[in-house]
Amino acid sequence: MPMWINQKKRASRPSYSLQHHGRQMSPLTKTSRRVLQNRRNWLSIMTSSLCRQFFHVECEAGINKQINMELHASYVYLAMAYHFARDDVALSGLHKFFLKQSDDEREHAKKFMAYQILRGGRVMLQNIAPPEVNAWSSGLEAMEMALELEKMVNKSLLELHAVAETHKDPQFCDFLESEFLKEQVESLKEISDYVTNLRRVGPGLGEYMFDKESLEGVSS
Numbered sequence: 001m002p003m004w005i006n007q008k009k010r011a012s013r014p015s016y017s018l019q020h021h022g023r024q025m026s027p028l029t030k031t032s033r034r035v036l037q038n039r040r041n042w043l044s045i046m047t048s049s050l051c052r053q054f055f056h057v058e059c060e061a062g063i064n065k066q067i068n069m070e071l072h073a074s075y076v077y078l079a080m081a082y083h084f085a086r087d088d089v090a091l092s093g094l095h096k097f098f099l100k101q102s103d104d105e106r107e108h109a110k111k112f113m114a115y116q117i118l119r120g121g122r123v124m125l126q127n128i129a130p131p132e133v134n135a136w137s138s139g140l141e142a143m144e145m146a147l148e149l150e151k152m153v154n155k156s157l158l159e160l161h162a163v164a165e166t167h168k169d170p171q172f173c174d175f176l177e178s179e180f181l182k183e184q185v186e187s188l189k190e191i192s193d194y195v196t197n198l199r200r201v202g203p204g205l206g207e208y209m210f211d212k213e214s215l216e217g218v219s220s
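Numbering (full-length UniProt numbering), first residue to last: 1 to 220.
This is the structure we're talking about:
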């Protein structure tokens, strides 16, 4: 048989790749999509939680959004903490402070997860946005960013509280008020004081003394 005929036969063999929206899709992708669809079907037929009562789906979704917000804040504080631990920065007080902030935000996320389960909801984790920056020119710049971050978290908590009020959920309102809202304004005041003092002492030696005198005793 001439070689060109053999090559033509080989070329005419069917392709095992699949088309999805005009793009090639591997069999593995098809399997993954089938698994995901089966999982959605399974979730849709599951009986609802026996303990769930007067817990609106918008409150459930809001909690999952807040979990993501708290984990993002923890991520940002973790980046700050290890920036100030660098040998060419070496501000151990700021390192300890931001490390504690990161731990606190992660604990907040876990509290929301536990409450979600307590009310019969489902924890649906989402992608966590990374920090927009990973280096800071000074302790003041980092502390100012921390203040904006805390204001963003506070705004999200207040919006979540408004959702709870809209759906007449006093238990959820009580949880937010007792576990988060008071602590959040205290955190805003603390970081605002640090920003004021860092502006007062200035960079260089002033920042170094602030780090030693005001933050060194922070337990990480």
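Built from N, CA and C at the ideal position, the CB exists for glycine as well.
Considering only C-alpha positions, which residue in the set the options is nearest to residue i?
i    : options                   : result
Q126 : K155, G62, L91 and S178   : G62
A85  : R119, G139, S74 and P131  : G139
L99  : R119, A142 and R33        : A142
S74  : F210, D87, E107 and Q53   : E107
T166 : R33, V57 and K30          : V57
I67  : Q116, E179 and D193       : Q116
S102 : P131, D193 and L36        : P131
P203 : K182, W136 and S178       : W136
E190 : F112, S214, R119 and A129 : S214
F112 : Y194, F180 and R34        : F180
D104 : Q184, V195 and D211       : Q184
Q212 : H95, S32, T31 and D87     : Reading off the sequence, residue 212 comes out as Lys, not Gln. Closest option to K212, Cα to Cα, is H95.
L118 : V201, T196 and Q53        : Q53
N134 : K30, V76 and N64          : V76
N64  : I128, L36, R34 and D87    : I128
V195 : F210, T29 and L205        : F210
Quick one, are the C-beta atoms of residue i and residue j less than 8 Å apart?
i    : j    : result
V153 : M69  : yes
K151 : L198 : no
F172 : C51  : no
F55  : D169 : yes
L71  : A109 : yes
I164 : L176 : Position check: residue 164 holds Ala in this sequence, whereas Ile was assumed. For A164 and L176, yes; Cβs fall inside 8 Å.
F120 : S49  : Here residue 120 is Gly; the residue named in the question, Phe, does not match the sequence. Yes, the Cβ-Cβ distance between G120 and S49 is below 8 Å.
Could you check where the alpha helix (DSSP H) with residue i kicks off and where it finishes?
i    : result
N134 : Careful: N134 lies outside any alpha helix (DSSP H) and carries neither H nor E.
S192 : K182 to V201
Q116 : S92 to L118
S74  : V57 to H83
E165 : G139 to T166
M124 : No alpha helix (DSSP H) contains M124, which DSSP labels as neither H nor E.
G206 : L205 to F210
C51  : Unbroken run through C51: none, as it is neither H nor E.
L215 : First-last for L215: undefined, no H or E at that position.
D88  : Taken as a continuous stretch (DSSP letters only), D88 belongs to no alpha helix (DSSP H), as it is neither H nor E.
D174 : P170 to L176
For this session: Give a yes or no on contact between the stretch 79-93 and the stretch 136-149, applying the rule of three or more CB pairs nearer than 8 Å.
Result: The stretch 79-93 vs the stretch 136-149: in contact.
Exercise. Is the stretch 90-101 touching the stretch 152-168, taking contact as three or more C-beta pairs under 8 Å?
Worked result: The stretch 90-101, when compared against the stretch 152-168, does not touch it at the 8 Å Cβ threshold.
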